[in-house]
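Q: Dropping the structure in here first, questions after.
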Amino acid sequence: MADGQKTQSITASLGAFSFVTALSGASVTLALPRMAQAFDVSATLSTQVVQVGLITTVIFLVMFGHAGDVFSKNAVYRAGGWVFIIGSLLTGLAPSFMGVLVGRFIQAIGSAMVMANANEHFSDKERSKALAYNSMFISVGSISGPAVGGLITSILSWRWIFLLNVPVAILIMVWAKNAFPRPKVSLAAIREQASRVNWVGQVIFSIGIVLMFSSSWIKIPGLDQFTNLMVFLIGGGIVTALSFLQDDFAPSPWIDPQVLRNVTFLTSTSVLFLAMFVNSFSNILLPFYLQDYLPFSPGQSGLIVAVQSVVMLMLSPFVGRLAANPARRPRLVTIGLIMLLVSQIGYAFYGGQVELGYILWPIIVNGIGMAFTLTPNNSITMGLVSPKLAGVAGSMNSLFRTIGMAVGISFATNFLYAQLPGVKHITRGLGATYLHASRVVFYVAVFASLVALIVNVWRTAASKSVM
Numbered sequence: 001m002a003d004g005q006k007t008q009s010i011t012a013s014l015g016a017f018s019f020v021t022a023l024s025g026a027s028v029t030l031a032l033p034r035m036a037q038a039f040d041v042s043a044t045l046s047t048q049v050v051q052v053g054l055i056t057t058v059i060f061l062v063m064f065g066h067a068g069d070v071f072s073k074n075a076v077y078r079a080g081g082w083v084f085i086i087g088s089l090l091t092g093l094a095p096s097f098m099g100v101l102v103g104r105f106i107q108a109i110g111s112a113m114v115m116a117n118a119n120e121h122f123s124d125k126e127r128s129k130a131l132a133y134n135s136m137f138i139s140v141g142s143i144s145g146p147a148v149g150g151l152i153t154s155i156l157s158w159r160w161i162f163l164l165n166v167p168v169a170i171l172i173m174v175w176a177k178n179a180f181p182r183p184k185v186s187l188a189a190i191r192e193q194a195s196r197v198n199w200v201g202q203v204i205f206s207i208g209i210v211l212m213f214s215s216s217w218i219k220i221p222g223l224d225q226f227t228n229l230m231v232f233l234i235g236g237g238i239v240t241a242l243s244f245l246q247d248d249f250a251p252s253p254w255i256d257p258q259v260l261r262n263v264t265f266l267t268s269t270s271v272l273f274l275a276m277f278v279n280s281f282s283n284i285l286l287p288f289y290l291q292d293y294l295p296f297s298p299g300q301s302g303l304i305v306a307v308q309s310v311v312m313l314m315l316s317p318f319v320g321r322l323a324a325n326p327a328r329r330p331r332l333v334t335i336g337l338i339m340l341l342v343s344q345i346g347y348a349f350y351g352g353q354v355e356l357g358y359i360l361w362p363i364i365v366n367g368i369g370m371a372f373t374l375t376p377n378n379s380i381t382m383g384l385v386s387p388k389l390a391g392v393a394g395s396m397n398s399l400f401r402t403i404g405m406a407v408g409i410s411f412a413t414n415f416l417y418a419q420l421p422g423v424k425h426i427t428r429g430l431g432a433t434y435l436h437a438s439r440v441v442f443y444v445a446v447f448a449s450l451v452a453l454i455v456n457v458w459r460t461a462a463s464k465s466v467m
């Protein structure tokens, strides 16, 4: 296969897989209310379907990226594709809620294996163009996900959100067979390289991440739901931070010490963490508000939620051109965070009115805010490290992004239901009690947006003082 054809084939197969994973991830959120009813679990517990996928990705993303560098990117990709297929099949056929979580765990391992090495199959000259195409596939998947998920749930069943992944992913793997030939890796080489890895750091990191999100499964006697959540979030966060400290002094670290000791870089990833933390509040709570409190069907609520992604897709090229000028990037992020803050105020004052204009304006403003925040902030972040560290810096950026989403989902759902003791499902009958609880949750999102804005202003001032 000619180099040009091979590059196109790799780009297309990675893009197609990115589309499938993005579509599946965006579809799941819309199906949560129906899954909670099907397995008779609380709405809080049903969010573990999303959480397990995010947590598993966080734990294994850096590890599989390192494995691709050490052993073979092709081997990791090929194995990951089939693991994703098996996980999707098990999730779709799961007879119990625990079976769904096991399937999602396996599915997320496969997804992490595929995407951990997505950036490394291209030369420096080809990478920017390839990543642009890949971002387009992800955007299309994210945009169509809520609508497709709502439609599938309305017409068929939530199970088909996962089962449809199977034939599509098999076709992609067969198509990509020539682009990713089977590598020859000896068992002796694998053992030799594996012996050098900082497994202690990986174990500590995994324990920390799991602890952060264990409050749904482990209840400490004498603590209410919210206090229990905070104990695990803070305790797990401390253990996770210790894993980075241990890795910094390890003989063979997962993350280059130059990245971990770059305070400005970590500040920029903190802005991303806070933005994703805030954005996840509406992503996880809106489907329950629209389907259970208001009379919208899954298909209708999917179209409403998809508006944010449509706005982001429309604005991203424009913002990308503006962000090409480094001097504009801090101002663009500031605009984005202000819009994000305003949108959270809008969500906080949602009521019982079934008026599309009233419902849509915060969603539209939220999309504008995220479009103006993400691309410029990512450009600022990657510009703070040397090109030779771009790979590990990109992994860290993805790590903070995913952790922000996972923490936001866990916090929003647990905090909401901590104010609604004894409530398993949102209903119209809860009336003002539910609306007040939701309002308090989004007040926290307003505060977090304000903190992100302050951190961004501080980062900008610090950068100017260095110059």
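Reminder that position 187 of the sequence shown reads as 187 in UniProt numbering, one-by-one numbering, no gaps. Virtual Cβ for every residue (Gly too), placed ideally from N, Cα, C. All of these numbers come straight from a predicted model, not from anything done at the bench.
Assuming Val52 contacts Ala108 under a Cβ cut-off of 8 Å, what Cβ separation, rounded to an integer in Å, is found between them?
A: Looking up residue 52 in the sequence shown gives position 52. Looking up residue 108 in the sequence shown gives position 108. Sure, about 7 Å apart at Cβ, within 8 Å.
Q: How big is the Cα-Cα spacing for Asp124 and Ser243?
A: Locating residue 124 in the sequence shown gives position 124, counting from the first residue. Locating residue 243 in the sequence shown gives position 243, counting from the first residue. Because Asp124 sits at a pLDDT of 47, beneath the cut-off of 50, its placement in the model cannot be relied upon, and the point is left open.
Q: Quick check: the stretch 279 to 298 against the stretch 21 to 41, are there 3 or more CB pairs under 8 Å?
A: Yes, the stretch 279 to 298 is in contact with the stretch 21 to 41.
Q: Using only the alpha-carbon positions, how far apart do Ser128 and Gly222 sit?
A: As a working note, residue 128 is residue 128 in the sequence shown. As a working note, residue 222 is residue 222 in the sequence shown. For Ser128, the pLDDT reaches just 47, beneath the cut-off of 50, and the residue's location in the model is therefore unreliable, although a value from the coordinates is still provided. Those two C-alpha atoms are separated by around 53 Å.
Q: Tell me the rounded alpha-carbon separation between Gln300 and Leu356.
A: Here residue 300 refers to the residue found at position 300 of the sequence shown. Here residue 356 refers to the residue found at position 356 of the sequence shown. Going from the Cα of Gln300 to the Cα of Leu356 covers about 11 Å.
Q: Could you say if the stretch 266 to 278 and the stretch 364 to 378 meet the contact criterion of at least three C-beta pairs nearer than 8 Å?
A: Yes, since at least three Cβ pairs between the stretch 266 to 278 and the stretch 364 to 378 fall closer than 8 Å, the two stretches touch.
Q: For Asp247, which of helix, strand or coil comes out of DSSP?
A: To locate residue 247, count along the sequence shown from 1; it is residue 247. Looking at Asp247 - three-state DSSP - the assignment turns out to be helix.
Q: If you follow the alpha helix (DSSP H) that Trp254 is in, where does it begin and where does it stop?
A: By one-based count along the sequence shown, residue 254 stands at place 254. No alpha helix (DSSP H) holds Trp254; DSSP gives it neither H nor E.
Q: Have a look at Ala461 and Ile454 and give me their C-alpha separation to the nearest angstrom.
A: To locate residue 461, count along the sequence shown from 1; it is residue 461. To locate residue 454, count along the sequence shown from 1; it is residue 454. The straight-line gap from Cα to Cα measures roughly 11 Å.
Q: Taking Ile380 as the reference, give the member of Leu337, Phe415, Phe349 and Arg329 with the closest Cα.
A: For the purposes of this step, residue 380 is taken as residue 380 along the sequence shown, with counting starting at 1. Ranking Leu337, Phe415, Phe349 and Arg329 by Cα distance to Ile380 puts Arg329 first.
Q: At a cut of 8 Å, does the stretch 422 to 436 reach the stretch 235 to 250 through at least three beta carbon pairs?
A: The stretch 422 to 436, when compared against the stretch 235 to 250, does not touch it at the 8 Å Cβ threshold.
Q: Does DSSP put Arg78 in a helix, in a strand, or in coil?
A: In the sequence shown, the residue the question calls residue 78 occupies position 78. Note: Arg78 maps to helix in three-state DSSP.
Q: Short of 7 Å in beta carbon distance, which residues of its chain neighbour Ser268, apart from the five on each side in sequence? Order them along the chain.
A: Stepping through the sequence shown from its first residue, residue 268 is reached at position 268. Cβ within range, chain order: Asn377, Ile380, Thr381, Leu384 and Arg459.
Q: Do Ser154 and Pro298 count as a contact pair if the criterion is CB distance below 8 Å?
A: Here the question's residue 298 lines up with position 298 in the sequence shown. Here the question's residue 154 lines up with position 154 in the sequence shown. Yes, the Cβ-Cβ distance between Pro298 and Ser154 is below 8 Å.
Q: Which residues mark the beginning and the end of the alpha helix (DSSP H) in which residue 503 is found?
A: The first residue shown for the chain is 1 and the last is 467, placing residue 503 beyond what the model contains.
Q: Could you check which residue in Arg331, Asn74 and Arg196 has the C-alpha nearest to that of Met173?
A: The residue labelled residue 173 in the question sits at position 173 within the sequence shown. The shortest Cα separation from Met173 among Arg331, Asn74 and Arg196 belongs to Asn74.
Q: Is Pro295 closer than 8 Å to Val354 when the C-beta atoms are compared?
A: Taking the sequence shown and counting its residues from 1, the one referred to as residue 354 is at position 354. Taking the sequence shown and counting its residues from 1, the one referred to as residue 295 is at position 295. Closer than 8 Å, so yes.
Q: Figure out for me which residue from Gln308, Met212, Asn456 and Pro146 has the closest Cα to the Cα of Ser410.
A: Taking the first residue of the sequence shown as 1, we reach residue 410 at position 410. Closest option to Ser410, Cα to Cα, is Met212.
Q: Along the chain, where does the alpha helix (DSSP H) containing Ser214 start, and where does it finish?
A: For this step, residue 214 is matched to residue 214 along the sequence shown. From DSSP, Ser214 is part of no alpha helix (DSSP H); its letter is neither H nor E.
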